Amino acid sequence: MSVETHEAVHRHEPPTSFIRKYIFSLDHKVIGIQYILLALVAVIVGMAMSVLMRMNLSWPGTNWPILATLFPGGAPGGVINPEFYLSLVTMHGTIMVFFVLTTAPQGGFGNYFLPIQIGAEDMAFPVLNMLSFWVTLVGFIVILSAIFFSGSASTIGPIGGWTGYAPLSALGQIAGPGQGMGMNLWIISIAIFCVGSLLGALNFITTLLNMRTRGMSLMRMPLTCWAWFTTAVLALLSFPVLLGGGILLLLDRLAGTSFFIPGGLYVSGILSGTNPSFPVHTGGSPILWQHLFWFFGHPEVYIAILPGMGATSHILSTFARKPVFGYRAMVFAIFAIGLLGFFVWGHHMFISGMSPYSAMTFSILTLSIGVPSAVKTFNWLGTLWGARIRFTTPMLFAIGFVSLFVAGGITGLVLGQTSLDLPMHDTYFVLAHFHLVMGVASIFGMFAATYFWFPKMFGRMMSESLGKIHFWITFVGVYCIFVPMHVMGLVGMPRRYAQFTEYTFLTRLHPLVVFVSVVAIITVLTQFLFYFNLIWSIFKGKKAGANPWDATTLEWTTASPPPHDNFAGVLPVVYRGPYEFAVPGAPNDFVMQTEPETETERVGGNGHNGHRH
Amino acid sequence: MATTVTGTKPLTKTGFGGGSKSRGPNGNGSPKRNGHRDAFFDSRSAVNRYRIGMWVAMASILMLFTALSSAYIVRAASANDWQPLRMPRVLLLSTALIIFSSVTLEFARRKLKSGEQSAHKRLLVLTALLGLGFLGSQLFAWRGLARQGIYISSNPHSSFFYLLTATHGMHLLGGLAGLGFLMSRSRLSTDDELAAAKRQAQTDAVSLYWHFMDFLWIYLFLLLFLWRQQ
Numbered sequence: 000m001s002v003e004t005h006e007a008v009h010r011h012e013p014p015t016s017f018i019r020k021y022i023f024s025l026d027h028k029v030i031g032i033q034y035i036l037l038a039l040v041a042v043i044v045g046m047a048m049s050v051l052m053r054m055n056l057s058w059p060g061t062n063w064p065i066l067a068t069l070f071p072g073g074a075p076g077g078v079i080n081p082e083f084y085l086s087l088v089t090m091h092g093t094i095m096v097f098f099v100l101t102t103a104p105q106g107g108f109g110n111y112f113l114p115i116q117i118g119a120e121d122m123a124f125p126v127l128n129m130l131s132f133w134v135t136l137v138g139f140i141v142i143l144s145a146i147f148f149s150g151s152a153s154t155i156g157p158i159g160g161w162t163g164y165a166p167l168s169a170l171g172q173i174a175g176p177g178q179g180m181g182m183n184l185w186i187i188s189i190a191i192f193c194v195g196s197l198l199g200a201l202n203f204i205t206t207l208l209n210m211r212t213r214g215m216s217l218m219r220m221p222l223t224c225w226a227w228f229t230t231a232v233l234a235l236l237s238f239p240v241l242l243g244g245g246i247l248l249l250l251d252r253l254a255g256t257s258f259f260i261p262g263g264l265y266v267s268g269i270l271s272g273t274n275p276s277f278p279v280h281t282g283g284s285p286i287l288w289q290h291l292f293w294f295f296g297h298p299e300v301y302i303a304i305l306p307g308m309g310a311t312s313h314i315l316s317t318f319a320r321k322p323v324f325g326y327r328a329m330v331f332a333i334f335a336i337g338l339l340g341f342f343v344w345g346h347h348m349f350i351s352g353m354s355p356y357s358a359m360t361f362s363i364l365t366l367s368i369g370v371p372s373a374v375k376t377f378n379w380l381g382t383l384w385g386a387r388i389r390f391t392t393p394m395l396f397a398i399g400f401v402s403l404f405v406a407g408g409i410t411g412l413v414l415g416q417t418s419l420d421l422p423m424h425d426t427y428f429v430l431a432h433f434h435l436v437m438g439v440a441s442i443f444g445m446f447a448a449t450y451f452w453f454p455k456m457f458g459r460m461m462s463e464s465l466g467k468i469h470f471w472i473t474f475v476g477v478y479c480i481f482v483p484m485h486v487m488g489l490v491g492m493p494r495r496y497a498q499f500t501e502y503t504f505l506t507r508l509h510p511l512v513v514f515v516s517v518v519a520i521i522t523v524l525t526q527f528l529f530y531f532n533l534i535w536s537i538f539k540g541k542k543a544g545a546n547p548w549d550a551t552t553l554e555w556t557t558a559s560p561p562p563h564d565n566f567a568g569v570l571p572v573v574y575r576g577p578y579e580f581a582v583p584g585a586p587n588d589f590v591m592q593t594e595p596e597t598e599t600e601r602v603g604g605n606g607h608n609g610h611r612h
Numbered sequence: 000m001a002t003t004v005t006g007t008k009p010l011t012k013t014g015f016g017g018g019s020k021s022r023g024p025n026g027n028g029s030p031k032r033n034g035h036r037d038a039f040f041d042s043r044s045a046v047n048r049y050r051i052g053m054w055v056a057m058a059s060i061l062m063l064f065t066a067l068s069s070a071y072i073v074r075a076a077s078a079n080d081w082q083p084l085r086m087p088r089v090l091l092l093s094t095a096l097i098i099f100s101s102v103t104l105e106f107a108r109r110k111l112k113s114g115e116q117s118a119h120k121r122l123l124v125l126t127a128l129l130g131l132g133f134l135g136s137q138l139f140a141w142r143g144l145a146r147q148g149i150y151i152s153s154n155p156h157s158s159f160f161y162l163l164t165a166t167h168g169m170h171l172l173g174g175l176a177g178l179g180f181l182m183s184r185s186r187l188s189t190d191d192e193l194a195a196a197k198r199q200a201q202t203d204a205v206s207l208y209w210h211f212m213d214f215l216w217i218y219l220f221l222l223l224f225l226w227r228q229q
């Protein structure tokens with residue numbers, strides 16, 4: 000069998016039935032869009048919950064008649080009760096972290112663009128890919144069902160935060176509202192989600208290692224691929240730990256084991272073992288759950304943000320019309336962040352009590368993440384330095400990502416120090432820190448990715464003017480929301496409290512709380528502009544060619560949208576690195592990766608590694 | 000058999016992910032080859048995904064058992080309510096069965112390589128039977144404990160015993176499904192070179208998994224009954 004006959008493999012035609020083409024599709028592009036749709040639905044649920052929380056914080060005790068109709072148990076007479084608020088906290092966090100920040104960047108954009116960017120026809124295991132989406136969707140349905148079957152009338156879902164700390168989460172109904180069926184469903188949903196993510200991660204890693212097209216050496220991959228790859232490695236190694244912890248937690252709840260439940264607990268007026276509703280427990284370790292959870296939890300925040308970093312690097316280079324500054328350093332920085340991410344979980348547990356020596360170790364390791372993060376930031380700035388920047392909407396969001404990453408990351412250096420973390424940990428300071436850096440920054444990365452790749456996915460451009468309005472309101476909005484929260488945290492406002500009316504030292508913060516809520520509601524409403532832009536542009540957007548942004552990577556060599564097998568049966572051959580912008584002597588200011596080397600390049604020895612300019 | 004025109008190494012030579020030990024045809028970082036070698040698109044490379052995928056999956060499963068082991072070690076050290084189980088004798092039979100099944104599967108894999116289809120299939124069936132025997136023996140151990148009144152909630156050691164054996168058993172069921180898949184493939188003809196290479200890769204992947212389950216059981220066995228005896 001010769002190479003040529005193998006390469007000229009016949010075109011793969013798409014399946015014709017609607018169900019095989021759009022529902023149970025094996026096509027990574029359709030699966031990617033399914034993931035993005037899932038995230039777009041989940042984020043509305045999560046945002047609605049945050050608006051309810053803000054309403055309760057700013058105008059406590061107000062009667063909202065509509066809430067009385069929607070949640071007769073949670074808001075009797077239209078006034079949100081504390082249990083309802085706490086279940087909102089839990090569900091908002093869980094849905095946002097798992098079903099938005101983990102699905103859209105990796106499952107969505109990664110699925111769609113990783114195979115195209117490395118020049119493959121599809122993922123390595125298309126059936127597993129389909130399964131990973133459908134398993135994830137089942138997880139989402141289970142978490143939504145926790146809203147309706149929470150086991151207590153006054154909550155929508157469990158109470159426990161997205162971290163589900165034991166022993167509260169391990170005790171069952173006896174521990175109070177939101178600890179019954181809703182908590183079981185929450186754990187089961189997370190476990191299902193773990194399985195879905197693992198199938199996805201397995202596929203990403205194998206695809207990237209095995210299916211790169213000819214000439215696509217590792218160091219010629221776009222930085223997006225590196226980011227998705229590192230993310231997949233993180234998911235592969237961290238989700239099993241959460242799964243293990245989840246199994247133990249579920250056994251504690253359902254099988255009467257004592258992995259996380261210590262002995263001698265006195266809950267709701269009952270001593271452990273003195274009543275059939277509270278069987279005897281001895282010797283479990285609540286801290287063990289925290290270790291297992293955060294061993295997953297910290298890599299998880301990088302799972303959320305690394306794809307955004309990849310997209311940002313990619314987009315900054317494209318619209319700065321310059322090669323990424325320090326490609327190789329960027330690759331190592333991604334890997335360093337991923338690797339260090341596995342050794343810092345203890346910084347979430349400084350206030351749980353730990354030996355000062357371990358705390359110091361975790362602190363030093365945490366602060367050292369600042370080094371690769373700074374490498375990335377300065378390389379982004381280096382990429383922008385002296386460039387004639389094209390300020391398109393994706394570029395604005397990518398720059399916004401850099402800004403938010405720095406603004407949110409800098410407080411990480413504050414919180415990474417044990418002595419500072421101790422007073423600040425359970426305040427709005429932490430809340431503001433992680434919302435800026437892992438929440439909003441990741442979402443900005445995904446906005447940038449959406450505006451950037453939309454023309455490739457649907458063959459039409461998104462509206463630039465709507466996009467710019469969306470950007471500016473969102474960008475100013477998120478700063479107006481989260482910067483005041485740092486101040487609240489420094490004053491000492493604790494997080495996860497349903498209301499602060501009884502704390503006199505916090506009353507002077509109330510105008511700030513109201514301001515944050517008003518801005519939050521405006522920012523949330525602005526997001527519907529984005530939804531409108533998405534839907535409108537699919538049908539009415541300006542037609543886009545194959546390469547509307549004058550970009551260089553492989554996805555821009557094929558049609559928009561790409562055919563079922565991505566490259567119409569002829570796999571591209573790669574001759575150069577991914578960011579060859581402004582190459583001296585080249586006819587255009589960009590050179591596609593598929594452009595063969597010229598004679599001078601070959602003689603000069605350039606072009607072997609895309610990052611040497 | 001599965002030979003490739005363009006490859007320079009025999010198909011069955013396995014390194015990481017079953018690929019060649021050298022830096023391979025991807026040209027990762029080597030300025031001399033840099034991915035231009037024609038060998039990249041041979042069937043060997045395309046079917047390697049099964050081996051790579053299996054290594055990746057095993058890393059993930061290993062992390063699950065690492066998490067459970069660390070929970071075991073922490074829990075064993077953190078309280079004085081640990082009551083060690085007496086090892087059910089039948090676990091020695093389990094261990095013997097699963098080690099033997101690994102041997103038969105390795106023979107099955109070699110028979111496929113040398114083209115002895117019927118011997119290959121017979122050994123696959125034998126391996127699956129040994130695997131079922133292992134699971135039966137594990138269930139027998141459970142029943143023995145239950146008869147003594149030791150259940151999952153009885154004490155931390157029994158909790159972990161049931162949990163770890165059940166988790167391992169579920170993964171072994173996956174291995175049995177893999178064996179079933181290989182048996183369903185054994186009727187297919189292997190005249191086509193690519194199909195033959197693919198089947199070999201799938202067989203390699205399943206046997207990797209099976210041996211992994213074997214080692215995992217031995218590890219769990221030692222952890223459960225040697226880590227903390229008093």
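Protein chains in written order, with numbering that gives the first Met the number 0: chain H, 0 to 612; chain B, 0 to 229.
The C-beta atom is built at its ideal place from N, Cα and C for all residues, glycine as well.
It should be emphasised that the depicted structure is a prediction, and the values quoted were computed from it without experimental measurement.
- Distances from the CA of Leu51 (chain H) to each of H:Ile30, H:Phe83 and H:Ile398 were compared; the closest alpha carbon is that of H:Phe83.
- Residues of the same chain with a CB within less than 6 Å of the CB of Thr93 (chain H), apart from the 5 flanking positions on each side, are Trp161 in chain order.
- Contact annotation: in the segment 268-285 of chain H, residues whose CB is within less than 7 Å of a CB in chain B are Thr281, Gly282 and Ser284.
- Gly130 (chain B) and Leu175 (chain B) do touch by the CB rule: their CB atoms are close to 5 Å apart, below 8 Å.
- For Ala123 (chain H), the chain B residues whose C-beta falls within less than 7 Å of its own C-beta are Arg48 and Gly52, listed in chain order.
- Asn565 (chain H) carries a coil assignment under DSSP once its states are collapsed to helix, strand and coil.
- With respect to chain B, the C-beta atom of Pro239 (chain H) has a partner C-beta closer than 7 Å.
- Taking C-beta atoms under 8 Å as the contact rule, Val134 (chain H) and Leu198 (chain H) qualify, at a distance of about 7 Å.
- Among the residues facing chain B, Leu201 (chain H) is included, as its CB has a counterpart in that chain under 7 Å away.
- The Cβ atoms of Asn62 (chain H) and Ala123 (chain H) do not sit closer than 7 Å to each other.
- CA-to-CA, the gap between Trp209 (chain B) and Pro221 (chain H) works out to about 37 Å.
- Contact residues of the segment 569-583 of chain H toward chain B are Val573 (C-beta to C-beta distance below 8 Å).
- Taking Phe97 (chain H) as reference, the option from H:Phe538, H:Pro454 and H:Ile189 with the minimal CA-CA separation is H:Ile189.
- Just so you know, the alpha carbons of Gly148 (chain B) and Gly177 (chain B) end up roughly 35 Å apart.
- Ranking H:Trp58, H:Phe470 and H:Phe538 by CA distance to the CA of Leu528 (chain H) puts H:Phe470 first.
- Taking C-beta atoms under 8 Å as the contact rule, Gly195 (chain H) and Ser131 (chain H) qualify, at a distance of about 5 Å.
- Taking 8 Å as the upper bound for CB-CB distance, Phe396 (chain H) and Ala447 (chain H) are in contact here, some 4 Å apart.
- Per DSSP, the beta-bridge partners of Pro493 (chain H) are H:Thr426.
- A Cβ-Cβ contact shorter than 7 Å links His563 (chain H) with His11 (chain H).
- The beta carbons of Leu25 (chain H) and Met90 (chain H) sit no closer together than 7 Å.
- For the segment 176-208 of chain H, the set of positions with a beta-carbon nearer than 7 Å to some beta-carbon of chain B reads Leu197, Leu201, Ile204, Thr205 and Leu208 in chain order.
- In this structure, H:Arg494 is the residue among H:Ile304, H:Arg494, H:Ser153 and H:Lys321 with its C-alpha nearest to the C-alpha of Arg53 (chain H).
- In terms of Cα proximity to Ser418 (chain H), the closest of H:Val475, H:Gly544 and H:Ile363 is H:Ile363.
- Nearest to Ala165 (chain B) by C-alpha distance, out of B:Met212, B:Arg198 and B:Trp54, is B:Met212.
- Residue-level contact by beta carbon holds for Met62 (chain B) and chain H, with a gap shorter than 7 Å.
- The beta carbon of Thr500 (chain H) sits no closer than 7 Å to any beta carbon of chain B.
- The beta carbons of Val205 (chain B) and Leu287 (chain H) sit no closer together than 7 Å.
- Residues of the segment 245-260 of chain H with a C-beta atom less than 8 Å from some C-beta of chain B are Ile246, Leu247, Leu250, Ala254, Gly255, Thr256, Ser257 and Phe258, listed in chain order.
- Within chain H, the C-beta atoms nearer than 8 Å to that of Arg74 (chain B) come from Phe258, Gly282, Gly283, Ser284 and Leu287, in chain order.
- In chain order, Leu63 make up the part of chain B whose C-beta sits under 7 Å from the C-beta of Leu242 (chain H).
- Of all residues in the segment 212-235 of chain H, only Arg213, Gly214, Met215, Ser216, Leu217, Met218 and Leu235 come within less than 7 Å of chain B when Cβ atoms are compared, listed by chain position.
- A Cβ of chain H is located within less than 7 Å of the beta carbon of Ala70 (chain B).
- Contact check for Phe474 (chain H) against Met461 (chain H) fails: the beta carbons are separated by 7 Å or more.
- In the DSSP assignment, Met48 (chain H) falls within the unbroken alpha helix (DSSP H) covering His27 to Ser57.
- DSSP places Arg108 (chain B) in the helix class (H, G or I) of the three-state scheme.
- CA-to-CA, the gap between Leu383 (chain H) and Phe443 (chain H) works out to about 18 Å.
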